Amino acid sequence: MKEERGKHLQRRITRRTFMKYAGAAGVAAAVGPQILIPKARGAKKDQVVFVSEESNPKAIAVYEKINADFEKNAGIKVTMEYPGFANIHKRVATLIAAGTPPEIVWYGAGQAMNLALEDQLADVGDVIKEVGGIPDSLRMIYKGADRSIPTSQQFTYCWYRKDLYQQKGVQPFKSWEEFVNVAKALNNPPNLYGCIVPSAESGASTILFETFLMTNDVHWFEWNASKKQYEVALDKGANKKRAIETLDYLYELHKYSPEASTYNWAELMSTYVTEKAATSYYVGARLLEQVMANNARIADATVPLAFPKRLTDHFFLSIQGFHILNHSNVEGAKQYCKFFVKHPDCIKWYHAVPLHIIPASREVLRSAKYQDNPVIQKRMDVLNFLDSMWGKGVPLYYWDGKELNPFIGLYHNDNLGGWMVAMRNIKEMKPEAVIDEAADKIRKKMRKMG
Amino acid sequence: MKDPTHNKLWILGTTVPALLFLTLIAYLPITYAIAISFFKKTAFSPKMSWVGLKNYLWLLGEADLWSALGRSAVFTVGSVLVQIAWGLGVALLLNRAFRGQTLVRSLFILPYLLPTIVVALVFQWLLNQEYGVINQVLLQAGLVSRPINFIGGLKTAMYSVIGTASWQYGSFVALMVLARLQAINPKLYEAARVCGAGPLRCFWDVTLPNLKTTLLLLALLRGIWMFNKFDIIYLVTRGGPLKVTETLPIYAYRLAFEEFDFGLAAGVCTFMFVVLVLGSIVYFKLFDPTKEVEVGR
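Chains as they are written, first to last, in the working numbering: chain V, 1 to 450; chain B, 1 to 297.
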């Protein structure tokens, strides 16, 4: 009997049968997750997963308070994730790919456009209507519906050392030429640089270039009214001339900057905080927060200044908001967003990094409640500066026309602007060739998008 | 006589759990990765659509793929050569009895035990253009007039990542070579000295032939690991500046998480797998380590 069982076992496990089953397992492994996973997580009505770009400890404390109140009020538990500024879209992509999209993502509307283009964002027009007070210029409208609930914004501007400027007898710059002259006057490498021009494929470099392009009225795209679509305009006519002029200008400015071929936001701040640069810039006031935390001695002398105007005084505007994903607990997420914005502690959330996360509404910025913060009270000059800049910032997706430009991700999210600056400043490529190659890259990606 | 059925069950019982574990953590993800390379799959949608060989055709026409392959070859060959040279040198130094030899040997192995993030951060600071200690020393000694941009320089970045990776992984080579050195029969050296051989001759005629198998196997193993290396390069330079350190793993990561195309990224990973398989076939044809082992016997 045992022998017969042994022989039976031998017959069952042959090389052929093993390969057959292994092959079947392989196919199942390849196809299975696509079938199973999207069904694995139904939208749980008593849970909301919220992924936030802001992970400042004070902001986290506010989230925890508001979330606790929301759970008591609505019976919905909020689970937070803080993947960080650099990794948030990777985290969101991973969750979506796994079939477990979060309910809410709070980050830049420009980044959220990737989700909108893939029809992953819910229509939040009803929330915007109920919340009220959101300027039209901050809304992201795609396929006829609002896809973002703007909560805050950040302007792009310079920070400079007033004390060093005064020592050298130079005035804060107002034009491109003045900026170069000031940077040259203050430049004393390697101890002190006149300015910082990051020349890397990084966000810091990209946004600097995009802002300078805006001040020189350069457009990446133009609206073709007959075809009703955007077309690449970077390498066309007068636009190209001004783009070349902008690249050459940053090349000149780079002479009074560290080489900065690896610089991103952290290096931009640390070089200034450690007193290695007389002028820096940032998208918001986080640089000032870092100065106060790490080198308070120079905090009072750290003063904001608008980028020098050329043809326009526009700048890159960063808008953040709540984005609610389809195929999740959409109603629960909407409830939460309305609750958050109306909660009394929402003001504390703006105060987590004072003057950096600026309210979407000018009324809130000017309100006594918002200004009731020791840092803001100490630095009312910064608040007044921000108020004076109101309305001059333009989000990239509306820079080239009134219609939302769905192609900005092709150059902005890929840090193409940073690549252009690096090619000019580090590799010393001719600006015309840089512009032509950049325009070709965008067109190639548009063709790949179909 | 033992029951053959009992033997078979015993074999199955002891190997199946390990096989299942290996299937779960290795074979299934590999199969899935190869499978999605035939689909269009973006990062922001759970759907995927069949495109056949389109991803591969696009990739093979991309200059970035071939440039990344070239850089992978440079990084692999460069770091393996440096690791073997460094490991061999260290092992020869440690292959003698001296006071405190255990402590010294432990210190030399320490880099291999450190987490990669620690090594990357330390080297980022050491090599920093503005604050790095290496630049400070070079400037103070008058060897350079301006700080060197080790990590951000177009010509220096690749050397920097090769140096960082070699510092960390050279210890592994030292460990393996030292173990083999300890097994060499000392009578061979005596015989060589009797014949009038000096230290260099002894090294060339006794030490190296005995180390050949070990070094060839190390070259293969280190080569495969360095070809697939992502962490140390990404942590130190992120593939920059201007992609001069963008090897194939970094390129795959960029496609997946910066251009959000998982299908293309999976295609690059499959391409890497094929390159490694072809490389291994060539290696075994040229060197045939199994023959070396037999000859060694």
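C-beta: ideal position from N, C-alpha, C; glycine also. This structure is a prediction, so every number in the text was calculated from the model and none was measured.
Backbone secondary structure at Cys158 of chain V - three-state DSSP:
strand
Would you check if the distance between the CB atom of Val161 of chain B and the CB atom of Leu88 of chain B is smaller than 8 Å?
no
Quick check on Asn216 of chain V - is its C-beta less than 8 Å from some C-beta in chain B?
no
Residue-chain proximity (Asn295 of chain V, chain B), Cβ-Cβ < 8 Å
no
Residues that DSSP places opposite Ala277 of chain V in a beta bridge
V:Tyr193
Taking only the alpha-carbon atoms, compute the straight-line gap between Leu69 of chain B and Ile435 of chain V and give it to the nearest angstrom.
27 Å
Near-chain V residues of the segment 141–163 of chain B - C-beta to any C-beta below 8 Å:
Arg146, Pro147, Asn149, Ile151, Gly152, Gly153 and Leu154
Answer yes if the segment 249–266 of chain V comes into contact with the segment 232–247 of chain B, meaning at least three C-beta pairs across the two stretches below 8 Å, and no otherwise.
yes
Can you give the beta carbon distance from Asn329 of chain V to Glu103 of chain V, rounded, assuming they're within the 8 Å contact cut?
5 Å
Reducing DSSP to helix, strand and coil, say where Arg443 of chain V ends up.
helix
If we define contact as Cβ-Cβ less than 8 Å, is Leu242 of chain B a contact residue for chain V?
yes
Partner residues on chain V for Phe271 of chain B, Cβ-Cβ distance less than 9 Å:
Simply none; closest approach about 18 Å.
Would you call the segment 191–199 of chain V and the segment 265–274 of chain V in contact, with 3 or more CB pairs under 8 Å?
yes
Under 8 Å between C-beta atoms of Leu317 of chain V and Pro395 of chain V
yes
Would you mind telling me which residues of chain V sit closer than 7 Å to Thr14 of chain B, beta carbon to beta carbon, in chain order?
What Thr14 of chain B touches in chain V: nothing, since even the nearest Cβ is about 15 Å away.
Buried or exposed by the 16-neighbour rule on C-beta atoms within 10 Å, applied to Thr302 of chain V
buried
Nearest residue (CA-CA) to Gly409 of chain V, options V:Val421, V:Leu386, V:Asn384 and V:Lys445
V:Lys445
Taking all protein chains shown into account, decide if Met449 of chain V is buried (16 or more other Cβ within 10 angstroms of its Cβ) or exposed.
exposed
Cut-off 7 Å between Cβ atoms - residues of its own chain near Trp503 of chain V, not counting five sequence neighbours on either side
Since the first residue of chain V shown is 1 and the last is 450, residue 503 of chain V is not available in this structure.
Taking only runs of the alpha helix (DSSP H) that begin and end inside the segment 35–109 of chain B, which ones reach a length of at least 4 residues, in chain order?
54–60 and 63–94
Around the Cβ of Val144 of chain B, are there at least 16 other Cβ atoms within 10 angstroms (buried) or fewer (exposed)?
exposed
With a threshold of 16 other CB atoms inside 10 Å of the CB of Trp399 of chain V, please say whether the residue is buried or exposed.
buried
Look up Thr145 of chain V in the DSSP assignment and say whether it is helix, strand or coil.
For clarity, residue 145 of chain V is Ala in the given sequence; the question names Thr instead. It is a strand residue.
Which residues of chain V have a Cβ atom closer than 9 Å to the Cβ of Thr76 of chain B, listed in chain order?
Within 9 Å Cβ-Cβ: nothing; Thr76 of chain B doesn't reach chain V, min ~23 Å.
Counting pairs of Cβ atoms below 8 Å between the segment 195–214 of chain B and the segment 131–150 of chain B, do you hit three or more?
no
From this set, B:Glu259, B:Thr245, B:Tyr32 and B:Gly279, which residue's C-alpha is nearest Met158 of chain B's C-alpha?
B:Thr245
Would you check if the distance between the CB atom of Tyr282 of chain V and the CB atom of Ala183 of chain V is smaller than 8 Å?
no
Length of the line joining the Cα atoms of Glu130 of chain V and Ala73 of chain B
59 Å
Would you call Ser205 of chain V buried or exposed, if buried means 16 or more other Cβ atoms sit within 10 Å of its Cβ?
buried
Within the same chain, show all residues whose beta-carbon is closer than 8 Å to that of Leu383 of chain V, passing over the 5 residues directly before and after it, in chain order.
Leu355, Leu365, Gln371 and Ile376
So Gln120 of chain V contacts chain B; which residues on that side make the cut at Cβ distance below 7 Å?
Phe44 and Ser45
Beta-carbon of Asn257 of chain V versus every beta-carbon of chain B: anything under 8 Å?
For clarity, residue 257 of chain V is Ser in the given sequence; the question names Asn instead. By this cut-off, Ser257 of chain V is not an interface position.
What is the residue span of the alpha helix (DSSP H) that Phe150 of chain B lies within?
Run containing Phe150 of chain B: none; DSSP gives neither H nor E here.
Please list the residues of the segment 414–436 of chain V that have a C-beta atom closer than 9 Å to any C-beta atom in chain B, keeping them in chain order.
Asp414, Asn415, Trp419, Ala422, Met423, Ile426 and Lys427
Where the alpha helix (DSSP H) containing Arg332 of chain V begins and where it ends
It is Gly, not Arg, that sits at residue 332 of chain V in the sequence shown. Segment Val330 to Lys342, the alpha helix (DSSP H) holding Gly332 of chain V.
Could you give the first and the last residue of the continuous beta strand (DSSP E) run that contains Trp176 of chain V?
Note, Trp176 of chain V: premise wrong, no beta strand (DSSP E); alpha helix (DSSP H) at Trp176 to Leu186.
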